[in-house]
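Protein chains in written order, with my numbering: chain A, 18 to 309; chain B, 344 to 651.
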């Protein structure tokens, strides 16, 4: 019975983190059609910044976390202005080929960041000092308070994002742009402003998700590929462009991985989720809640 | 698409191949070894270009095909020691089977969805290799007892002429009516089908051909290195390097992929003094090529020739 609760609690924390990480990824795709394959690298950059601030500059955990989020924000905007925007506006590349160019370029950019981080701070795993410490007992399971903190922050951020998109004027413009970009420009809204706003939001989400991940599990520069792959598969499983689909998919994947790790072996952790993904794509290629 | 004539390009390429085939006379074994790997890499990249550039399939998993070929040949050699050509043939055959498996989702899902399927295929193969360590050598890698030859020069010539023949076949194919049909089905499958072309059959053929060359090159390279490991044949980073080689060489040109592969290997060698930073610089240069010269090296070459 303890095992059941343990899987339930652990899985919930992991899944919430996945949900937060994938939400930003889904948002970018939904609004601008960009699959950002440097996603994992941006997250790792945020973690390493938070870690370096705490470990080398000896700032407190709050300041360290803030620095991590700021770096995630900056890295995201750099990605947009340096890589994505020049390709989107390029005259030399044909429209139908832009997607693959953005995929290749963001992939390259992600690997560059990974190499740079490995060069500056080695490949060793880095754990960020958690803001909340101590252990609480839930249903007989000793759970680190940090795990509960992670889940709460993830859901708070997702709730704020929901309010932002559905209740503010700028948010509604973003929502409209994801439905019909041309219609939005006809209403006199500058599409590039919307893109900048979305990448800024994405940067904050990536930063927060990264820092939480760093406090919870820790990352190394090797995590870049798996992090991108997991966000990608969660978003595809949920249906590209559907944020609510991504949230559901994050829980499916998170629990499937936790179950496998506890009941079979941690070595097989990712395999069932991958199999499920392939199966879903055969049966329902647009994902659980996909629109197209 | 403006392009120099097929025979002229093939003749120039043949002259270049013959010229570099004399390299063993004046170059050290170390450099020959680097080039040998670069040539096999060139075949990986050309095979990828056929699938992506022509059939329009975003394949993030070239190493699924390459790795299948390399590991099949290596495991067979470890278990039964048949003649080497049989191992290599088995590797190519296994890769073709892998290509068919990979093609099945491609006929159903498109674009990023298919890209993800190929990524998953690589991760699955990697998991299999790591978990079935008794057969595959796991994370340490597989040692292959037999070698084709220990002479650097002979290995170099095998790789060079293998690349030349594969390149000629793939290039001729890409410029043939089949290549045009592939390109048409890649750009608009519905319209190509409406014109009476069997899109499914052509795409399947593209997968099989690409897989055949990837697997063959993988198996040959495994025998050259006399080992196979996840880090050299399967890892996503290797796949990314193959894609980069094809893209900076010039997509949809087949032969450009070889230039890209040689460039990548030469650069990482030249920048070795930079230590761990060398990869960063190589990838940064590749990114600059992608951002500023989307046509790649081959695009630059053919364009300057036409304006000049």
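The beta carbon of each residue, even a glycine, is placed where N, CA and C say it ideally should be.
How should residue i be labelled, buried or exposed, when 16 other C-beta atoms within 10 angstroms of its C-beta is the threshold for buried?
{"i": "residue 143 of chain A", "result": "buried"}
{"i": "residue 508 of chain B", "result": "exposed"}
{"i": "residue 648 of chain B", "result": "With a pLDDT of 49 at residue 648 of chain B, under the threshold of 50, the modelled position of that residue is not reliable, and no figure is offered here."}
{"i": "residue 230 of chain A", "result": "buried"}
{"i": "residue 54 of chain A", "result": "buried"}
{"i": "residue 140 of chain A", "result": "exposed"}
{"i": "residue 368 of chain B", "result": "exposed"}
{"i": "residue 33 of chain A", "result": "buried"}
{"i": "residue 650 of chain B", "result": "In this prediction, residue 650 of chain B has a pLDDT of 40, which is less than 50 and means its spatial position is unreliable; what the coordinates show is noted afterwards. Exposed, by the Cβ-count rule."}
{"i": "residue 428 of chain B", "result": "exposed"}
{"i": "residue 197 of chain A", "result": "exposed"}
{"i": "residue 49 of chain A", "result": "buried"}
{"i": "residue 132 of chain A", "result": "buried"}
Among the residues of its own chain, which have a CB less than 6 angstroms from the CB of residue i, if the five just before and after it don't count?
{"i": "residue 390 of chain B", "result": "553, 556, 557"}
{"i": "residue 514 of chain B", "result": "597, 598"}
{"i": "residue 41 of chain A", "result": "219, 222, 223"}
{"i": "residue 399 of chain B", "result": "529"}
{"i": "residue 569 of chain B", "result": "487, 490"}
{"i": "residue 472 of chain B", "result": "479, 573"}
{"i": "residue 286 of chain A", "result": "274, 277, 278"}
{"i": "residue 269 of chain A", "result": "none"}
{"i": "residue 166 of chain A", "result": "149"}
{"i": "residue 192 of chain A", "result": "182"}
For residue i, which residues of its own chain have a beta-carbon under 7 angstroms away from its beta-carbon, when the five flanking residues on both sides are left out?
{"i": "residue 483 of chain B", "result": "none"}
{"i": "residue 371 of chain A", "result": "This structure does not reach residue 371 of chain A, given that chain A is present from 18 up to 309, and the question cannot be answered."}
{"i": "residue 303 of chain B", "result": "There is no way to answer for residue 303 of chain B, as the model of chain B reaches only from 344 to 651."}
{"i": "residue 681 of chain B", "result": "No answer is possible for residue 681 of chain B: it lies beyond the span of chain B, which begins at 344 and ends at 651."}
{"i": "residue 582 of chain B", "result": "403, 404, 405, 406, 465"}
{"i": "residue 442 of chain B", "result": "408, 550, 551, 553, 554"}
{"i": "residue 448 of chain B", "result": "457, 460"}
{"i": "residue 119 of chain A", "result": "51, 101, 104"}
{"i": "residue 18 of chain A", "result": "none"}
{"i": "residue 425 of chain B", "result": "419"}
{"i": "residue 349 of chain B", "result": "518"}
{"i": "residue 387 of chain B", "result": "405, 409, 557, 560, 585"}
Within the present structure, is the beta-carbon of residue i separated from the nearest heavy atom of the ligand MN by less than 7 angstroms?
{"i": "residue 135 of chain A", "result": "The ligand MN is absent from the structure shown, which contains no ligands of any kind."}
By Cβ distance, which residues of its chain are closer than 8 angstroms to residue i, with the 5 residues on each side in sequence left out?
{"i": "residue 454 of chain B", "result": "401"}
{"i": "residue 549 of chain B", "result": "393, 394, 397, 398, 400, 525"}
{"i": "residue 540 of chain B", "result": "524, 527, 528"}
{"i": "residue 130 of chain A", "result": "55, 58, 59, 61, 62, 92, 241"}
{"i": "residue 452 of chain B", "result": "460"}
{"i": "residue 110 of chain A", "result": "104, 118"}
Can you find a C-beta in chain C that's less than 8 angstroms from the C-beta of residue i?
{"i": "residue 274 of chain A", "result": "No chain C appears in the structure shown, which is made up of the protein chains A and B."}
Can you give me, in chain order, the residues of the segment 614-643 of chain B that have a beta carbon less than 7 angstroms from any beta carbon in chain A? 619, 620, 622, 623, 626, 627, 629, 630, 633, 634, 637
Please name the residues in the segment 215-249 of chain A whose beta-carbon is closer than 8 angstroms to at least one beta-carbon of chain B, in chain order. 242, 246, 249
When Cβ atoms are compared, which residues of the segment 446-473 of chain B fall closer than 9 angstroms to chain A? 447, 448, 451, 452, 453, 454, 455, 456, 457, 458, 459, 460, 462, 463, 464, 466, 467, 470, 473
Check each residue of the segment 385-415 of chain B: if its Cβ is closer than 8 angstroms to any Cβ of chain A, include it; give the result in chain order. Taking 8 angstroms as the upper bound on Cβ-Cβ separation, chain A lies near residues 395, 401 of the segment 385-415 of chain B.
Determine which residues of the segment 586-602 of chain B have a Cβ less than 9 angstroms from any Cβ of chain A, and write them out in chain order. 586, 587, 590, 594
Ranges of the alpha helix (DSSP H) found wholly within the segment 127-205 of chain A, counting only runs of at least 4: Entirely contained in the segment 127-205 of chain A, the alpha helix (DSSP H) runs reaching 4 residues are, in chain order, 162-184, 186-196, 198-203.
Count Cβ pairs between the segment 81-90 of chain A and the segment 58-70 of chain A that sit closer than 8 angstroms; are there 3 or more? yes
Length at least 4, wholly inside the segment 396-473 of chain B: the alpha helix (DSSP H) runs in chain order: 405-423, 427-449
For the structure I just gave you, are there three or more beta carbon pairs, one from the segment 216-228 of chain A and one from the segment 92-101 of chain A, closer than 8 angstroms? yes
At a CB distance below 8 angstroms, what residues from the segment 519-532 of chain B approach chain A? Give them in sequence order. 530
Segment contact, 8 angstroms Cβ cut-off, at least three pairs: the segment 228-241 of chain A with the segment 181-188 of chain A: no
Inside the segment 80-124 of chain A only - alpha helix (DSSP H) runs reaching at least 4 residues: 102-105
Counting pairs of beta carbons, one from the segment 412-428 of chain B and one from the segment 485-492 of chain B, are three or more of them closer than 8 angstroms? As far as the Cβ criterion goes, the segment 412-428 of chain B touches the segment 485-492 of chain B, which means the pair count is three or higher.
Using a Cβ distance threshold of 8 angstroms, determine whether the segment 119-135 of chain A contacts the segment 98-110 of chain A, with at least three qualifying pairs required. yes
Please list the residues of the segment 552-579 of chain B that have a C-beta atom closer than 8 angstroms to any C-beta atom in chain A, keeping them in chain order. 579
Which runs of the beta strand (DSSP E) fall wholly inside the segment 216-260 of chain A and span at least 3 residues, in chain order? Residue ranges of uninterrupted beta strand (DSSP E) with 3 or more members are absent from the segment 216-260 of chain A; none lies entirely inside it.
Cβ-based contacts, 8 angstroms cut-off: residues of the segment 117-130 of chain A near chain B: Hits within the stretch, in order: 117, 118, 120, 121, 122, 124, 125, 126, 128, 129.
Is it a yes or a no for the segment 611-622 of chain B touching the segment 405-416 of chain B, going by three-plus beta-carbon pairs under 8 angstroms? no
Whole beta strand (DSSP E) runs in the segment 472-507 of chain B with 3 or more residues, listed along the chain? none
Assess contact between the segment 110-125 of chain A and the segment 625-634 of chain B, defined as three or more Cβ pairs (one per stretch) separated by less than 8 angstroms. Is contact present? At 8 angstroms Cβ cutoff, the stretches touch.
Which residues, taken in chain order from the segment 92-110 of chain A, show a beta carbon closer than 9 angstroms to some beta carbon of chain B? If the cut-off is 9 angstroms between Cβ atoms, the segment 92-110 of chain A has 99, 100, 103, 104, 107, 109, 110 near chain B.
Counting Cβ pairs, one atom from each stretch, are 3 or more of them under 8 angstroms apart for the segment 534-541 of chain B and the segment 361-380 of chain B? no
Closer than 8 angstroms is the cut-off here; do at least three beta carbon pairs connect the segment 193-209 of chain A with the segment 69-82 of chain A? The segment 193-209 of chain A makes no contact with the segment 69-82 of chain A, as fewer than three CB pairs between them are under 8 angstroms.
Short-range partners of chain B found in the segment 144-171 of chain A, where Cβ spacing is below 9 angstroms: none
Going along the segment 259-274 of chain A in order, which residues come within less than 8 angstroms of chain B, judged by CB to CB distance? none
Please name the residues in the segment 26-48 of chain A whose beta-carbon is closer than 8 angstroms to at least one beta-carbon of chain B, in chain order. Interface annotation for the segment 26-48 of chain A against chain B: empty, criterion Cβ-Cβ distance under 8 angstroms.
Which runs of the alpha helix (DSSP H) spanning at least 4 residues fall entirely within the segment 527-571 of chain B, listed in chain order? 532-537, 542-568
By the 9 angstroms beta-carbon criterion, what residues does the segment 288-307 of chain A contribute toward chain B? 288, 291, 292, 294, 295, 298, 299, 302, 303, 304
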